[in-house]
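Undergrad:
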Amino acid sequence: MMEFRADLHCHSTCSDGSLSPEDLVKHAAEVGLKGLSITDHDTTSAYATAMPAAKKIGLEVIPGVEFSSSHQGESIHILGYAFDPAHPSILALSERHASRRGSRNQEILNRLAKLGMPVSDEDLKLEVQGIAHTIGRPHIAKAMVKKGYVESIQEAFKKYLGEGRLAYVPGTAFSVEETIQTIHEANGLAVIAHPHLIDNSDVLQKLLEMDFNGIECYYGNFAEDQNSRWLKIAKKKGWLATGGSDFHGDVKPAIPLGRSWVGEETFRILQEHYKSQ
Ligand code: AMP
Ligand code: ZN
Ligand code: FE
Ligand code: FE
């Protein structure tokens, strides 16, 4: 039998993944995972259907989320784990994100229209599968591909939607501190997502002084030698060393579910935390 593996970072159609929560849970079991956390951007709405689906097939699931935040103008993603996915503090922050995204998406569409690439609200809705609560740049990128403005999602980001590009709008941002506080209010654990992607060493230093409970040491396609730096930091700080693939399905086809994972020991720590509430 394969060793116990749990992927603690993936996205469903509730944000910008291409599998529904039920299909994501089934896919996890198919690829041999024993544990999973679905960490949609800024929403926990996957759990209403993911939990019953996981129970049915015997996959162990711990609630999670990936909140967008910002520090000194740098975009920072924060993972939250092992809380009640319907906790009022979590739902309130999700609502604030939905509202800021509504205005930001509109501004992006305005810019695209000025660039001669109109994408209507209806075009955007067609890219939203199921009950997506979090609509963002990946959905806009897909609409742009469909309209024939670009060849691929990658090209859409590279030319127009990526940071600093022609149609980029930063939008309102919430601080790292308030995001950690919200996760803690819900009795969850706050984890720095993919530190591998943080280029600004000053910002990274500031994050390492904050009230996190863990850091995502194993991530996506990153190799062992690139993870060791983060494992050392986790050890030094007494933080949890978490990990996951950041699987999105079609949006990021190069990364399969289960590409990065944690073993049973880490998974049980999170599970105990969840059950103790
Ligand atoms: P948003 O939350 O609307 O700012 O969109 C950010 C999301 O867009 C990220 O979490 C990724 O899933 C996706 N993304 C960012 N850059 C790229 C890229 N170059 N290619 C494909 N997806 C991207
Ligand atoms: Zn995403
Ligand atoms: Fe992220
Ligand atoms: Fe992610």
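Mind the numbering: the sequence shown is residues 6 to 282 in this note's numbering, read in order. The C-beta atom is built at its ideal place from N, Cα and C for all residues, glycine as well. Given the structure is predicted, the values throughout are model-derived calculations rather than measurements.
Ends of the alpha helix (DSSP H) at T247?
TA: Unbroken run through T247 is the beta strand (DSSP E), 245 to 249; no alpha helix (DSSP H).
Undergrad: Confirm, please, whether the CB-CB distance from S42 to G69 is below 7 Å.
TA: Contact: yes.
Undergrad: Please say whether V208 and H76 have beta carbons closer to each other than 7 Å?
TA: Yes; because the gap between Cβ atoms is below 7 Å, this pair is in contact.
Undergrad: If we ignore side chains and look at the alpha-carbon of each, how far apart do I67 and H278 end up?
TA: Roughly 10 Å separates the two Cα atoms.
Undergrad: Can you name the start and end residues of the alpha helix (DSSP H) that A161 belongs to?
TA: From DSSP, the alpha helix (DSSP H) with A161 extends over 158 to 161.
Undergrad: Quick check: the Cα distance between L24 and N226, rounded to an integer number of angstroms?
TA: Between L24 and N226, the C-alpha separation is close to 20 Å.
Undergrad: Give the straight-line distance between the Cα atoms of K60 and K130, rounded to the nearest whole angstrom.
TA: Near 31 Å, if we compare the C-alpha coordinates of K130 and K60.
Undergrad: Please find out if some non-hydrogen atom of ligand 2 comes closer than 6 Å to the beta-carbon of D2.
TA: Because the chain here runs from 6 to 282, residue 2 falls outside it and cannot be looked at.
Undergrad: Beta-carbon within less than 7 Å of S94's beta-carbon, same chain only, minus the 5 sequence neighbours each way: which residues are those?
TA: Answer for S94: T187, E190, A191, listed in chain order.
Undergrad: Can you list, in chain order, the residues of its chain whose CB lies under 6 Å from that of H46, leaving out five sequence neighbours each side?
TA: Cβ neighbours of H46 beyond the five flanking positions: S20, E71, T139.
Undergrad: Does at least one heavy atom of ligand 2 sit under 6 Å from the Cβ of D2?
TA: Outside the shown range of the chain, which is 6 to 282, sits residue 2, and nothing can be said about it.
Undergrad: Look at A34 and L64 and say whether their C-beta atoms are less than 7 Å apart.
TA: Taking 7 Å as the Cβ cut-off, A34 and L64 qualify as a contacting pair.
Undergrad: Is S73 close to chain B, meaning its C-beta is less than 7 Å from at least one C-beta of that chain?
TA: Annotation note: the requested chain B is absent from the structure, which comprises a single protein chain.
Undergrad: Mapping DSSP to helix, strand and coil, what is H92?
TA: Coil at H92, not helix or strand.
Undergrad: Verify the contact flag: E112, CB atom, against every heavy atom of ligand 4, threshold strictly below 6 Å.
TA: For ligand 4, not one heavy atom lies less than 6 Å from the Cβ of E112.
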